[in-house]
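As structure tokens, the structure follows; a few thoughts come after it.
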Amino acid sequence: MINKFFYFLIVIFFIFIFVIFYRGLGNSNLYTPNTEIKSIPKFTSKTLFKKGSLNSEDIFKKNKFYLLNIWASWCVPCRDEHSLLIDLSKAKKIEIIGLNYKDNSNNAESFINELGNPYSIILLDREGTRAIEWGAFGVPETFLIYENKVIKRYIGPLNSKLVNEIKDYTK
Amino acid sequence: MKFLSFFLVILIIFTLNLLKADEIKLQNKITKNLRCLICQGQSVYDSDSEFAISLKLVVKNKVNEGFTEDQIYKFLTKKYGEWILYDPLFNKNTYILWLLPLLIFLFGGAIILKKLIKIKK
Numbered sequence: 004m005i006n007k008f009f010y011f012l013i014v015i016f017f018i019f020i021f022v023i024f025y026r027g028l029g030n031s032n033l034y035t036p037n038t039e040i041k042s043i044p045k046f047t048s049k050t051l052f053k054k055g056s057l058n059s060e061d062i063f064k065k066n067k068f069y070l071l072n073i074w075a076s077w078c079v080p081c082r083d084e085h086s087l088l089i090d091l092s093k094a095k096k097i098e099i100i101g102l103n104y105k106d107n108s109n110n111a112e113s114f115i116n117e118l119g120n121p122y123s124i125i126l127l128d129r130e131g132t133r134a135i136e137w138g139a140f141g142v143p144e145t146f147l148i149y150e151n152k153v154i155k156r157y158i159g160p161l162n163s164k165l166v167n168e169i170k171d172y173t174k
Numbered sequence: 005m006k007f008l009s010f011f012l013v014i015l016i017i018f019t020l021n022l023l024k025a026d027e028i029k030l031q032n033k034i035t036k037n038l039r040c041l042i043c044q045g046q047s048v049y050d051s052d053s054e055f056a057i058s059l060k061l062v063v064k065n066k067v068n069e070g071f072t073e074d075q076i077y078k079f080l081t082k083k084y085g086e087w088i089l090y091d092p093l094f095n096k097n098t099y100i101l102w103l104l105p106l107l108i109f110l111f112g113g114a115i116i117l118k119k120l121i122k123i124k125k
């Protein structure tokens, strides 16, 4: 009697494990953690095309939407999303700020000259440490900022659907 | 006199070297406990991705600025969430994780003890 009960228990146990693993098969194995970055980090940074450096307080003002886009001339997906950014830069309510990630100034300049400049300011991040202050993973990555707070974050290149979402936010 | 000052210089260089070595040891210890978020199954210490290289630099700068290990972990978990740490922190989400091995150990010990007492009898 005890033996039978024991077998029954084992079978139940394996069915339980099977169900859990089977359900797990469908889950994405890309894990993006929740971050607690709500307000934007303070920094001072050099800029491309202009001399001198800028404080974060001077860049991000209240009552306006900002889009911080992390890009590099060596990043292929950045090239794809660039036309979307140029399209977005025509909207008056939003200001796009670039963060040039681990790039060489000459390459960055020729990238902008070739594809156009959607950015009002381009900050430089030679070592990639500034991107870490933002909690970024790499390029491309985009943050939608309002009232000095990050309201939305896009990891990876933007597409037309996401651009429409951004436009909806800034209406 | 000349010999003495020479000796002093050598001594200072060696102590500075030791200090630097301690810093590097701490950097390595910290980066080994950080998960490289964009590579699968590698620590920041092991990885050579752009992300890991930058993160190593950030840790190095923080150590030079005099941050303690815990302060650096706190700073990074604020940016990237707890997932970046290989050693999960002890809080209400993880206490079962930390205490379960101990409970199982005690439970096993109790079983063995019971058996031993039975044998003695």
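Respectively, the protein sequence lines represent chains A and B.
Those letters in the first sequence? Residues 4 to 174, per the working numbering, in order.
Those letters in the second sequence? Residues 5 to 125, per the working numbering, in order.
Where a beta carbon is used, it is the ideal one built from N, C-alpha and C, also for glycine.
Nothing here was measured: the structure is a model prediction, and the numbers come from that model.
On the premise that residue j lies in contact with residue i, defined as a C-beta separation below 8 Å, what is that separation, rounded to the nearest angstrom?
i, j, result
"Thr132/A", "Asn68/B", "Their Cβ separation, rounded to whole angstroms, is 13 Å, which puts Thr132/A and Asn68/B out of contact at 8 Å."
"Phe140/A", "Ile42/B", "5 Å"
"Trp102/B", "Phe111/B", "Actually they do not touch by this definition, with Cβ atoms about 16 Å apart."
"Leu89/B", "Asn37/B", "6 Å"
"Ser194/A", "Ile43/A", "Only positions 4 to 174 of chain A appear in this structure, which leaves residue 194/A out of reach."
"Ser76/A", "Phe114/A", "4 Å"
Taking Cβ-Cβ distances shorter than 9 Å, what residues in chain B pair up with residue i?
i, result
"Phe140/A", "Leu41, Ile42, Phe55 and Tyr84"
Return the residue from the list the options that minimises the CA-CA distance to residue i.
i, options, result
"Val166/A", "Leu51/A, Gly55/A, Ile5/A and Lys93/A", "Lys93/A"
"Pro160/A", "Phe114/A, Asp61/A and Asn72/A", "Asn72/A"
"Leu91/A", "Ser108/A, Asn66/A, Phe63/A and Pro121/A", "Pro121/A"
"Glu150/A", "Gly27/A, Tyr10/A and Thr173/A", "Thr173/A"
"Lys67/A", "Phe24/A, Leu127/A, Ile100/A and Ala111/A", "Ile100/A"
"Pro143/A", "Trp74/A, Leu57/A, Lys45/A and Asp61/A", "Trp74/A"
Could you check if residue i is buried or exposed, using at least 16 other CB atoms within 10 Å of its CB as the buried criterion?
i, result
"Arg39/B", "buried"
"Ser51/B", "buried"
"Glu84/A", "buried"
"Asp74/B", "exposed"
"Ile18/A", "exposed"
Taking 9 Å as the CB-CB limit, is residue i close to chain A?
i, result
"Asn68/B", "no"
"Asn65/B", "yes"
"Ser58/B", "yes"
Taking Cβ positions only, does residue i come closer than 9 Å to chain B?
i, result
"Trp137/A", "yes"
"Thr145/A", "no"
"Lys105/A", "yes"
How would you list, in chain order, the residues of chain A whose beta-carbon sits under 8 Å from the beta-carbon of residue i?
i, result
"Asn37/B", "Result: empty, since nearest Cβ-Cβ is about 16 Å, beyond 8 Å."
"Leu61/B", "Glu130, Gly131 and Thr132"
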